[in-house]
Amino acid sequence: MRILLANPRGFCAGVERAIDIVQCAIKKHGAPVYVHHEVVHNKFVVDGLKAKGAIFVEKMTEVPLGEVVIFSAHGVSQAVRRYSQKIGSIIYDATCPLVTKVHKEVARKQKQNIQVILIGHKGHPEVEGTLGQSSEGQSIQLVESVADVENLALDDMPLPLSYTTQTTLSVDDTGQIVQALVKKFPKIQAPRKNDICYATQNRQDAVKSLMQEADMLLVLGSNNSSNSNRLREIADKMHKNAYLIDTADEIKTSWLAAVNTIGVTAGASAPEVLVRAVIDYLYDYGATEVVEVSGALENVHFPVPKPLR
Ligand code: SF4
């Protein structure tokens, strides 16, 4: 069996920064520090930070007064931000700068009285955070599919219109939704720059190219990781078996029975140590070669906030 390793894979700049922020905050203030939502969607990472003294909460009402609070990489609504200030939290914002860019864009559009349509997955914390950027009296319309676009009532959409997207969507599916929007609302304004982030785009491109050769794909990533799920779906759409796993322990030998070339990648929140464990597992199983497939070079770095440097 040959192993093809996708490039790029694993941690993106936003995830590295978010994890650094939690670690630096614990170092500076001591444990515990409170983190609003899983700082990144990866069980291994979250368990590691819990062991160091991070407490993950879903609601700010779970946080005592005046404690250290970190907002996750997915971003938070204005309401969460206001509540944290009200209870005197020491706030560190680990929102990925590329998500913050979307928040600023939404705020700018709303100031200009432009109706914003958000393409994203209902209930995902990034979407909740972006929807929560609405100013009073204004709303953001969420669409998840081409069908949702078809069901949008023209009357409910006072012109002008604009759209924005969650950062970790499928590039191809989003393209179809955008096409449907443009068809229905020819004057709709596009974002100044694509909102699907560089890391999502690059990891999807890498898997598309890898799966030309591989018979099967293993994606390191947690169930709730949007970008990891999108990587698995690419192989699904190419009619190849693909499995999303948290660790090598979840691999079943029955998956590998007829596989000659196996692709391995990792979502933007999954650390390389998990990929290495999968390679070890596959070598033990009988793999004889591992090939690093070449792909886009990434040199993006987001520094932690000044008070933590
Ligand atoms: S996946 Fe993209 S938007 Fe999300 S944290 Fe990474 S760089 Fe930022």
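In this note's numbering, the protein residues as written are 26 to 334.
All C-beta atoms, glycine included, are put in the ideal place defined by N, C-alpha and C.
Since we're looking at a predicted model, the values are computed, not measured.
Just verifying my parser: in three-state terms, what is the DSSP assignment at residue 199?
In the structure shown, residue 199 sits in a helix (DSSP, three-state: H, G or I).
Buried or exposed, going by whether 16 or more other CB atoms sit within 10 Å of the CB of residue 32?
By the 16-neighbour rule on beta-carbons within 10 angstroms, residue 32 is buried.
Shorter than 6 Å, the distance from the beta carbon of residue 231 to the closest heavy atom of the ligand SF4, or not?
Within the chosen limit of 6 Å, the ligand SF4 does not reach the beta carbon of residue 231 with any heavy atom.
Take residue 293 and list the residues in its own chain whose beta-carbon comes closer than 6 Å to its own, dropping the five residues that flank it on each side.
Result list for residue 293: 37, 40, 224 and 252, in chain order.
7 Å Cβ shell around residue 254 - same chain, five flanking residues per side excluded
Result list for residue 254: 269, in chain order.
Give me, in chain order, the residues of the same chain whose beta-carbon lies closer than 7 Å to that of residue 149; leave out the 5 immediate sequence neighbours on both sides.
So the list reads 191 and 251, once near-sequence residues are dropped.
Could you check whether residue 50 and residue 93 sit closer than 7 Å to each other, using their CB atoms as the reference points?
Going by C-beta atoms, residue 93 is nearer than 7 Å to residue 50.
Report yes or no: do the region 191–200 and the region 138–145 share at least 3 C-beta pairs separated by less than 8 Å?
Judged by Cβ distances under 8 Å, the region 191–200 makes contact with the region 138–145, as three or more pairs qualify.
Roughly how many angstroms separate the alpha carbons of residue 282 and residue 62, rounded to a whole number?
A straight-line Cα-Cα distance of about 39 Å links residue 282 and residue 62.
With a Cβ-Cβ cutoff of 7 Å, do residue 247 and residue 274 count as a contact?
With contacts defined as CB atoms closer than 7 Å, residue 247 and residue 274 fail to qualify as a contacting pair.
Which residue or residues does DSSP assign as beta-bridge partners of residue 29?
Residue 29 pairs with 288 and 316.
Between which two residues does the alpha helix (DSSP H) containing residue 232 stretch?
It spans 223–235 - the alpha helix (DSSP H) in which residue 232 sits, taken as one unbroken run.
Nearest to residue 330 by CA position, among 106, 76 and 121, is which residue?
Closest by alpha carbon: 121.
Of all the options 236, 182, 157 and 74, which has the alpha carbon lying nearest to the alpha carbon of residue 108?
Sorting 236, 182, 157 and 74 by C-alpha distance to the C-alpha of residue 108 places 157 at the top.
DSSP three-state call for residue 158: helix, strand or coil?
If DSSP states are grouped into helix, strand and coil, residue 158 belongs with coil.
Taking the beta strand (DSSP E) that residue 81 falls in, what are its first and last residues?
Run containing residue 81: 79–82, per the beta strand (DSSP E) assignment.
Could you check whether residue 35 and residue 291 sit closer than 7 Å to each other, using their CB atoms as the reference points?
Between residue 291 and residue 35, the gap from beta carbon to beta carbon is short of 7 Å.
Under 7 Å between the Cβ atoms of residue 327 and residue 42?
In this structure, residue 42 lies closer than 7 Å to residue 327 by Cβ.
Pull up the distance between the alpha-carbon of residue 128 and that of residue 278, whole angstroms please.
Residue 128 and residue 278: Cα-Cα distance of roughly 44 Å.
Can you check whether the CB of residue 256 is closer than 7 Å to the CB of residue 10?
In the structure as shown, the chain begins at 26 and stops at 334. Residue 10 is therefore absent and cannot be evaluated.
Per-residue burial, residue 200 [other beta carbons within 10 Å of its own, 16 or more giving buried]
Classification of residue 200: exposed, given that the 10 Å Cβ count is below 16.
Option nearest residue 323 by Cα separation, candidates 222, 266, 299 and 308:
Of the candidates 222, 266, 299 and 308, the one whose C-alpha sits nearest the C-alpha of residue 323 is 222.
Could I get the ranges of all uninterrupted beta strand (DSSP E) runs contained in the region 39–92, with 3 residues as the minimum, in chain order?
Taking 3 residues as the minimum length, the beta strand (DSSP E) runs contained wholly in the region 39–92 are 58–61 and 79–82, in order along the chain.
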